[in-house]
Amino acid sequence: MREKIGSLAEFQALQEKCIAAKKAEKRKVLVCCGTGCAAGGNLALYEELKNQIAAHGLSFEVALGDAHEDSVIGVKKSGCHGFCEMGPLVRIEPEGWLYTKCRAEDAKEIVEKTILGGEFIERLGYNRGGELSKRQEDIPFYKKQTRRVLEHCGHIDAESIEEYLSIGGYTALAKCLFELTGEEIIQEISDSGLRGRGGAGFPTGRKWAQVAAHKEEPVKYIVCNGDEGDPGAFMDRSCMEGDPHKVLEGMIIAGVATDSTEGYIYVRAEYPLAVHRLTIAIAQAEELGILGDNILGSGKSFHMHINKGAGAFVCGEGSAMTASIEGNRGMPRTKPPRSVDKGLFGKPTCLNNVETFANVPDIIKKGAAWFRSVGTEGSPGTKAFALTGNVVNTGLIEVPMGTTLREVVYDIGGGIKNGKKFKAVQIGGPSGGCLTEEHLDLPMDFDSLKKVGAIIGSGGLVVMDEDSCMVNIAQFFMNFICEESCGKCTPCREGTTRMNEILTRITQGNGRMSDIDELKSLAEMIQSSSLCGLGKTAPNPVLSTLLNFEDEYVEHIRDKRCHCGTCKALSQFVITDKCIGCTKCARNCPVNAITGTVRHRHVIDTTRCIKCGTCKANCPVGAIKEG
Amino acid sequence: MKMERTEKTLENVNLAFVDAVLDKYGCDKSKVIAIMQDVQEKYRYLPQEALTHIAKKVGISESKLYGVATFYGNFSLDAKGKYVIKVCRGTACHVRKSSNVLQALYEATGTGEEKSSSDDGLFTIEIVSCLGACGLSPVVMVNDVVHAAMTPDKAKSLVADLREEAHEHA
Numbered sequence: 164m165r166e167k168i169g170s171l172a173e174f175q176a177l178q179e180k181c182i183a184a185k186k187a188e189k190r191k192v193l194v195c196c197g198t199g200c201a202a203g204g205n206l207a208l209y210e211e212l213k214n215q216i217a218a219h220g221l222s223f224e225v226a227l228g229d230a231h232e233d234s235v236i237g238v239k240k241s242g243c244h245g246f247c248e249m250g251p252l253v254r255i256e257p258e259g260w261l262y263t264k265c266r267a268e269d270a271k272e273i274v275e276k277t278i279l280g281g282e283f284i285e286r287l288g289y290n291r292g293g294e295l296s297k298r299q300e301d302i303p304f305y306k307k308q309t310r311r312v313l314e315h316c317g318h319i320d321a322e323s324i325e326e327y328l329s330i331g332g333y334t335a336l337a338k339c340l341f342e343l344t345g346e347e348i349i350q351e352i353s354d355s356g357l358r359g360r361g362g363a364g365f366p367t368g369r370k371w372a373q374v375a376a377h378k379e380e381p382v383k384y385i386v387c388n389g390d391e392g393d394p395g396a397f398m399d400r401s402c403m404e405g406d407p408h409k410v411l412e413g414m415i416i417a418g419v420a421t422d423s424t425e426g427y428i429y430v431r432a433e434y435p436l437a438v439h440r441l442t443i444a445i446a447q448a449e450e451l452g453i454l455g456d457n458i459l460g461s462g463k464s465f466h467m468h469i470n471k472g473a474g475a476f477v478c479g480e481g482s483a484m485t486a487s488i489e490g491n492r493g494m495p496r497t498k499p500p501r502s503v504d505k506g507l508f509g510k511p512t513c514l515n516n517v518e519t520f521a522n523v524p525d526i527i528k529k530g531a532a533w534f535r536s537v538g539t540e541g542s543p544g545t546k547a548f549a550l551t552g553n554v555v556n557t558g559l560i561e562v563p564m565g566t567t568l569r570e571v572v573y574d575i576g577g578g579i580k581n582g583k584k585f586k587a588v589q590i591g592g593p594s595g596g597c598l599t600e601e602h603l604d605l606p607m608d609f610d611s612l613k614k615v616g617a618i619i620g621s622g623g624l625v626v627m628d629e630d631s632c633m634v635n636i637a638q639f640f641m642n643f644i645c646e647e648s649c650g651k652c653t654p655c656r657e658g659t660t661r662m663n664e665i666l667t668r669i670t671q672g673n674g675r676m677s678d679i680d681e682l683k684s685l686a687e688m689i690q691s692s693s694l695c696g697l698g699k700t701a702p703n704p705v706l707s708t709l710l711n712f713e714d715e716y717v718e719h720i721r722d723k724r725c726h727c728g729t730c731k732a733l734s735q736f737v738i739t740d741k742c743i744g745c746t747k748c749a750r751n752c753p754v755n756a757i758t759g760t761v762r763h764r765h766v767i768d769t770t771r772c773i774k775c776g777t778c779k780a781n782c783p784v785g786a787i788k789e790g
Numbered sequence: 019m020k021m022e023r024t025e026k027t028l029e030n031v032n033l034a035f036v037d038a039v040l041d042k043y044g045c046d047k048s049k050v051i052a053i054m055q056d057v058q059e060k061y062r063y064l065p066q067e068a069l070t071h072i073a074k075k076v077g078i079s080e081s082k083l084y085g086v087a088t089f090y091g092n093f094s095l096d097a098k099g100k101y102v103i104k105v106c107r108g109t110a111c112h113v114r115k116s117s118n119v120l121q122a123l124y125e126a127t128g129t130g131e132e133k134s135s136s137d138d139g140l141f142t143i144e145i146v147s148c149l150g151a152c153g154l155s156p157v158v159m160v161n162d163v164v165h166a167a168m169t170p171d172k173a174k175s176l177v178a179d180l181r182e183e184a185h186e187h188a
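What follows is the structure, encoded as structure tokens:
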């Protein structure tokens with residue numbers, strides 16, 4: 164049971180105690196229990212590690228300061244390290260080693276060799292092309308990153324407020340409560356140039372000032388947008404799972420700065436672990452008096468609520484989100500009034516994204532100049548990206564704003580999977596666009612991307628190789644938008660349906676050349692006449708693929724071909740000259756469409772082929788191509 | 019979301035349970051989403067009797083509540099199977115061929131695009147836009163447990179395992 168903190172001195176004393184307890188943990192084993200590694204079996208590994216350590220008669224602690232000894236072993240469940248591709252992951256401290264692809268069976272060896280013997284297990288280390296990287300920070304994936312928001316993700320126990328305190332957590336809040344005025348806090352945030360990480364890039368300081376200006380209103384709200392709906396984005400999830408207190412601290416500071424006393428976190432229902440960790444974090448903060456009435460004896464109050472989303476992408480839009488929190492259908496409304504003036508329950512509301520709030524504590528602690536020390540003039544700081552798709556190292560990364568796409572895809576991402584050629588990157592989800600080879604050296608920041616018709620959006624980066632069909636991707640996003648359009652305004656509801664119909668018929672080989680112009684005209688109409696951001700940006704993936712890959716549309720429409728082999732109706736199976744004539748394909752073909760003699764190249768009769776793919780799956784030498 | 023109600027959705031609803039949920043949220047009409055989430059967690063769908071009761075107790079019309087319930091993708095007015103298999107069709111999963119995994123799941127469970135639940139009441143296949151586990155794509159989630167790096171073959175053996183598990187329980 165934790166005791167309520169009644170003053171700044173008591174807070175500082177507790178923090179000292181936590182720091183000392185952290186120092187006492189001479190050896191630490193951090194088992195990643197983010198969604199990815201947990202799915203890989205890390206919970207079993209965690210239990211097995213504890214069993215093995217106990218079997219050796221060693222004392223260990225799972226919660227900070229539990230053991231009350233000078234030298235103990237900490238066995239902790241951490242949040243996401245971001246390197247999901249190599250998971251399940253285990254980090255060993257103080258050396259900073261990272262073990263990859265761990266199994267519960269490895270627990271014995273980890274305990275005997277590493278914990279008892281201080282020895283590195285090469286088999287579990289990260290090895291790329293014969294080059295072994297022992298320390299996590301030496302792995303190329305991490306080396307090029309600047310982790311600020313994600314600094315402690317994976318390095319601390321995400322379910323312990325004491326761990327957060329031990330790394331200087333809530334110091335920024337204490338500073339805001341006892342040293343700074345609301346105006347000074349907002350000034351610091353404004354000076355830092357922090358812009359909303361949810362996609363639009365609105366200056367955070369200005370938003371806070373607009374909410375704070377409503378001095379006449381006794382009730383104002385802070386809302387945290389954790390409804391990370393963009394398919395292909397998961398930085399907010401990792402942040403809420405790996406360092407939940409950082410998000411809470413940012414929100415409470417916003418409350419102190421704008422004189423608001425109620426906070427709401429809106430989290431997607433698809434993120435059960437994030438909801439679980441936030442719930443624990445809130446309960447712990449309430450116990451310590453960091454949330455609730457009279458925080459740390461300062462006289463200020465702040466109460467936190469969690470709202471679980473119910474599966475509607477449009478709720479990521481501000482006014483739709485507040486409607487959903489109020490218990491209504493999550494539909495956007497006409498603006499003005501903007502949410503800073505009339506938002507949740509009709510009161511002034513400060514609505515920011517998870518990553519935006521997570522940036523706040525460090526800005527207060529280290530200052531605006533420190534924040535500006537990385538990034539670009541117009542977009543200071545760092546940005547977390549979810550790097551996914553056909554890239555070697557998928558995972559969660561954080562880089563300074565203005566980092567080029569090439570550095571992200573090749574240096575951090577390790578290039579394209581299976582030695583294939585880079586084709587494009589889809590950035591910003593269904594509201595964004597695609598970037599091609601010519602954009603590889605473009606700095607990624609709010610303004611540079613806007614110029615080429617893409618947006619940072621929430622930060623999803625989906626890498627596509629030469630085998631990805633761009634018409635299919637455009638249709639994929641349009642189908643998504645069709646399903647997620649709330650239906651309030653006609654251009655979005657009907658327009659996206661029409662666009663989806665056209666794209667579908669193109670991918671099925673029934674397109675007409677006039678379809679391209681029709682797509683463009685529909686896109687323009689939807690962009691100019693939709694009410695909210697969802698509709699206004701819905702045509703972006705189509706426009707951007709048309710701009711960069713119009714020849715692929717033409718190939719689908721005129722030549723009735725999809726050379727990537729993605730669009731089934733347009734693709735054909737062909738046996739290349741790699742064929743060794745083993746006859747396996749011919750024997751397995753269910754419609755006897757393949758002919759040929761032993762040790763000679765076989766041929767597929769395309770008129771009989773039903774495109775089931777059995778031949779391709781069975782070919783021992785990969786001689787069958789689809790396209 | 020399907021609006022039709024089928025015979026199998028009719029079962030006895032424990033109104034005392036619904037009342038307990040309503041009390042937990044103070045019959046607050048701004049909390050109807052949370053209330054319905056709790057009810058759905060128990061019944062795996064929203065029984066009509068429960069919805070009528072909630073509308074009455076929080077003081078909004080049944081049509082308004084129906085409007086909210088049908089707006090959100092996670093609510094279902096039809097009974098769901100014992101195992102709800104959510105298939106991620108997000109971008110990252112899409113480019114790593116999640117459509118083949120979905121197809122395999124349809125075949126293995128005897129469901130399809132137009133028929134989300136299996137006749138034996140064991141499986142419901144749902145398509146979700148993103149589970150946020152893109153690094154492990156393609157992924158599916160069975161009752162909150164994520165299964166990573168799926169292939170059509172792994173999907174088939176997953177269904178077989180679940181079937182066996184259900185059989186053992188029975």
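Protein sequences, first through last, are from chains A and B. If you read the first sequence in my numbering, its first letter stands for residue 164, the second for the next number, and so on. If you read the second sequence in my numbering, its first letter stands for residue 19, the second for the next number, and so on. The beta-carbon is built from N, C-alpha and C at its ideal position, and this holds for glycine as well. None of these values were measured; they are calculated from a predicted model.
CB contact below 8 Å: residue i versus chain A
| i | result |
| --- | --- |
| B:Gly195 | Chain B is shown from 19 up to 188; residue 195 of chain B falls before or after that span and cannot be answered. |
| B:Tyr61 | no |
| B:Gly150 | yes |
| B:Asn18 | The structure shown does not extend to residue 18 of chain B, since chain B spans only 19 to 188, so no value can be given for it. |
| B:His165 | yes |
| B:Ser79 | no |
| B:Ser147 | yes |
| B:Tyr84 | no |
| B:Gln124 | Just to set this straight, residue 124 of chain B is Tyr in the shown sequence, not Gln. It does not; no Cβ of chain A falls within 8 Å. |
| B:Lys20 | Residue placement at B:Lys20 is poorly supported in this model, since its pLDDT is 42, which falls under 50; the coordinates still yield a value, given next. No, no contact with chain A. |
| B:Lys47 | yes |
| B:Gln55 | yes |
Below-8 Å beta-carbon distance, residue i vs any chain B residue
| i | result |
| --- | --- |
| A:Phe465 | no |
| A:Gly490 | yes |
| A:Gly623 | yes |
| A:Lys471 | yes |
| A:Met641 | no |
| A:Glu664 | no |
| A:Ser631 | yes |
| A:Gln589 | yes |
| A:Glu480 | no |
Buried or exposed by the 16-neighbour rule on C-beta atoms within 10 Å, applied to residue i
| i | result |
| --- | --- |
| A:Phe304 | buried |
| A:Phe736 | buried |
| A:Ala532 | exposed |
| A:Phe246 | buried |
| A:Asp320 | buried |
| B:Pro65 | buried |
| A:Ser170 | exposed |
Sequence-distant residues of the same chain with beta carbon closer than 7 Å to residue i, five excluded per side
| i | result |
| --- | --- |
| A:Ile689 | Pro654, Cys655, Gly658, Thr659, Gly698, Ala701, Pro702 |
| A:Gln308 | Ile560, Glu561, Val562, Ile575 |
| A:His602 | Leu568, Val615 |
Own chain residues within Cβ distance below 6 Å of residue i, not counting five before or after
| i | result |
| --- | --- |
| A:Leu328 | Gln178, Cys181 |
| A:Ile385 | Met414, Ala417, Gly418, Ser423, Gly426, Cys513 |
| A:Val523 | Gly413, Ile416 |
Residues that DSSP places opposite residue i in a beta bridge
| i | result |
| --- | --- |
| B:Gly130 | B:Lys133 |
| A:Met467 | A:Gly426 |
| A:Cys695 | DSSP, once it has assigned bridges, lists no residue as partnering A:Cys695. |
| A:Thr599 | A:Ala587 |
Cβ-based neighbour list, residue i, same chain, cut-off 8 Å, excluding 5 preceding and 5 following
| i | result |
| --- | --- |
| A:Gln299 | His244, Arg254, Gly259, Trp260, Leu261, Tyr305 |
| A:Glu713 | Ile679 |
task: Report the residues of the stretch 95-116 of chain B with a CB closer than 9 Å to any CB of chain A, ordered along the chain.
output: Lys104, Cys106, Arg107, Gly108, Thr109, Ala110, Cys111, His112, Val113, Arg114
Residues of the stretch 167-181 of chain B whose Cβ lies closer than 7 Å to any Cβ of chain A, in chain order: none
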